[in-house]
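First residue of the sequence shown? That's 14 in this note's numbering, and the numbers climb one at a time after it.
Reviewing the structure listed below.
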Amino acid sequence: MGSMFGSQKILWSEVDGFRISSIRGAKMIEILFNENYTRQKIGRAVASTISGMEGAIANSYNAPLGEVLATLNSWKDRFAAQRT
């Protein structure tokens, strides 16, 4: 995953799931981190204060957002167990 501070690796096991959210009407996929993800605490707190979410994936795919969401949650369910 990329951010304005460079790319970063987030394990499937550090995410509880994903959901569709919006910031000022712009729909995106919110990343729901769990207690296993302890990195970037200050940045996530700032992001949460500003946007109401700790992390998000912009709606920049050629597929409908609901389809991307379903795929991410499916991959998370499939691969998270392999990394724990």
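For glycine and all other residues, C-beta sits at the position ideal for the given N, C-alpha and C.
In this text the structure is predicted, and so the values were computed from the model without any measurement.
Leaving aside the five residues that flank residue 92 on each side, the residues in its chain whose CB is nearer than 6 Å to its CB run, in chain order, 25. Residue state for residue 55 is assigned as helix, using DSSP reduced to three classes.
Judged by beta-carbon spacing, residue 28 lies within the 8 Å limit of residue 44, meaning their Cβ atoms are closer than that value. Taking C-alpha positions only, residue 77 is separated from residue 42 by approximately 11 Å. For residue 87, the enclosing alpha helix (DSSP H) stretches over residues 78 to 92.
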